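Everything on this sheet refers to the single structure shown next.
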Amino acid sequence: MRALIIGGEYLDTGVYHNVISPGSGEVIDKVSIANERDIVRRAIDTAYEAFNSFSREPLINRMKILRKAADIMEESKEELARLLALEAGKPIRDARVEVLRAISLFRIAAEEARFVLEGKVHRVDAYEYPPGNENRIVMEVREPIGVVGAILPFNFPINSFAHKVAPNIAAGNTVVVKPASATPISALELASILYKAGLPKGVVSVLPGPASIVGDEIVTNRKVAGITFTGSTYTGLAIASKAISTGKRVMMEMGGSDPIIVLEDADIARAAQIAVRARFEYAGQNCNSGKRIIVHEKIKDKFTEAFLEGVRRLKVGSPLAEDTDMGPVISEEALQNLEGVIKDAIDKGGKLLH
64 MRALIIGGEY LDTGVYHNVI SPGSGEVIDK VSIANERDIV RRAIDTAYEA
114 FNSFSREPLI NRMKILRKAA DIMEESKEEL ARLLALEAGK PIRDARVEVL
164 RAISLFRIAA EEARFVLEGK VHRVDAYEYP PGNENRIVME VREPIGVVGA
214 ILPFNFPINS FAHKVAPNIA AGNTVVVKPA SATPISALEL ASILYKAGLP
264 KGVVSVLPGP ASIVGDEIVT NRKVAGITFT GSTYTGLAIA SKAISTGKRV
314 MMEMGGSDPI IVLEDADIAR AAQIAVRARF EYAGQNCNSG KRIIVHEKIK
364 DKFTEAFLEG VRRLKVGSPL AEDTDMGPVI SEEALQNLEG VIKDAIDKGG
414 KLLH
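This note's numbering numbers the first residue of the sequence shown as 64 and each following residue consecutively.
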């Protein structure tokens, strides 16, 4: 059982969520969830109080914490990759890449901390009006904003944690993390690593739980100064609307409909190879997976055959198997959605190629 984390303290609420491995359908662990708003408010209050001291923590100390966390992650990179493969169904080779990318992000954040709060000096006498500004300057200072709510997606749980948490630590912000319900263990593990690396108490909390409780409280609570979100466009717009109404700063990474465009003079074999990976990497669940392939009419038949040959060569199997190219989708619900989309396309005259 994994307890949730409030500012470095572990809390067992007595209410649990089973984490199911999409590769086997088996429960791999259970996590304690924040099933009441008071629990979420406690985490936000903890982060709010910690911000006062953490924002004044010497910059070199924040840098050392991030570097140490990266070192610990590197030492346990294979264990983290296996956790990602089990929890998210990501093929182990791709899982290793995600872990290495997250380690790199922690180290980049540590180095960028030197510059993130740099200010500027502006000459006021560059402006003609109003008069009387001769020999005057204005200093612009950048400061941390406070508590940041980080809402993570299921498809890159380790990398998204690194993207949203490491830069905020570098800047001196405190963070309350809501992981995706399907992949909460990764976030809990990374928060534990941060505290092992010397992160002061109160700075990072991880709250698995329903969006209607955890997500909504983070988005509407006035002690939260900013929201960083990765997920669907529909959910992101709803979150942004609520967050902006309470004066929060908002950073959104939402869905799209990424096209692959193949021109008449393209290297067909190379284009097909790229398109297969773009569409089928992580079972098509990456944020920037190719959603549409637009091919010049003169080469469509040759490209289609080359593309299908590439698809047929893909090895579908267990996420833990070294030779697996594509594993499962994240859940039974996701599978049903895909089947529904395929059926709808066929019903409307589409042709299933295989």
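Heads up, the beta-carbon is just placed ideally off N, CA and C, and yes, glycines get one too. All values reported here derive from a predicted model rather than from experimental measurement.
(message) Count Cβ pairs between the segment 172 to 179 and the segment 111 to 120 that sit closer than 8 Å; are there 3 or more?
(response) no
(request) Could you work out which residue in L416, A110 and G209 is closest to E372 when comparing CA atoms only? (result) Locating residue 372 in the sequence shown gives position 309, counting from the first residue. Checked all of L416, A110 and G209; the closest Cα to E372 is L416.
(request) Provide the residue(s) that pair with N81 in DSSP beta bridges, ordered along the chain. (result) Taking the sequence shown and counting its residues from 1, the one referred to as residue 81 is at position 18. DSSP lists K93 as partners of N81.
(message) Distance check for A288 and R312, CA to CA, integer angstroms please.
(response) Residue 312 sits at position 249 when you count from the first residue of the sequence shown. Residue 288 sits at position 225 when you count from the first residue of the sequence shown. Computed Cα separation, rounded: 6 Å.
(request) Please report how far the alpha carbon of V204 lies from the alpha carbon of I171, in whole angstroms. (result) Position 141 of the sequence shown, counted from the start, is the residue given in the question as residue 204. Position 108 of the sequence shown, counted from the start, is the residue given in the question as residue 171. Cα to Cα, V204 sits roughly 22 Å from I171.
(message) Check this for me: beta carbons of G216 and G294, under 7 Å apart or not?
(response) For the purposes of this step, residue 216 is taken as the residue at position 153 of the sequence shown. For the purposes of this step, residue 294 is taken as the residue at position 231 of the sequence shown. According to the sequence as given, residue 216 is Pro; it is not Gly. Going by C-beta atoms, P216 is nearer than 7 Å to G294.
(message) Comparing C-alpha positions only, which one of R145, E138 and V184 sits nearest to I166?
(response) The residue given as residue 166 occupies position 103 in the sequence shown. Minimum Cα distance to I166 is reached at E138.
(message) Let me make sure I understand the geometry here. Which of C350, F370 and P271 has the alpha-carbon closest to that of V103?
(response) The sequence position of residue 103 within the sequence shown is 40, counting from 1. Restricting attention to C350, F370 and P271, the CA atom closest to the CA of V103 is found in P271.
(message) Going by DSSP, what residue range makes up the beta strand (DSSP E) through V392?
(response) Taking the sequence shown and counting its residues from 1, one reaches residue 392 at position 329. Looking at the DSSP string, V392 is not in any beta strand (DSSP E), and its letter there is neither H nor E.
(request) Could you tell me whether the Cβ atoms of I83 and V90 are closer together than 7 Å? (result) For the purposes of this step, residue 83 is taken as residue 20 along the sequence shown, with counting starting at 1. For the purposes of this step, residue 90 is taken as residue 27 along the sequence shown, with counting starting at 1. Yes, they are a contact pair.
(request) Ignore the nearest five residues each way along the sequence and tell me which others in T283's own chain have a CB closer than 7 Å to its CB. (result) Numbered from its first residue, the sequence shown carries residue 283 at position 220. Excluding sequence neighbours, T283 sits near K305 and T309.
(request) Keeping to the same chain, check which residues put their C-beta closer than 6 Å to that of N196; ignore five residues upstream and five downstream. (result) Against the sequence shown, residue 196 aligns to sequence position 133. Once the five neighbours on either side are set aside, the close Cβ partners of N196 are V187 and D188.
(message) Cutting at 6 Å between CB atoms, please list the residues of its own chain near P230, excluding the five before and the five after it.
(response) Position 167 of the sequence shown, counted from the start, is the residue given in the question as residue 230. Same-chain partners within the cutoff: A172.
(message) If you reduce the DSSP assignment to three classes, tell me which class K378 lands in.
(response) Locating residue 378 in the sequence shown gives position 315, counting from the first residue. DSSP places K378 in coil when its eight states are reduced to three.
(message) Can you find the residues in the same chain that come closer than 7 Å, C-beta to C-beta, to I256, ignoring five residues on each side of it along the sequence?
(response) If you number the sequence shown from 1, residue 256 lands on position 193. Closer than 7 Å at Cβ, skipping near neighbours: A132, I135 and M136.
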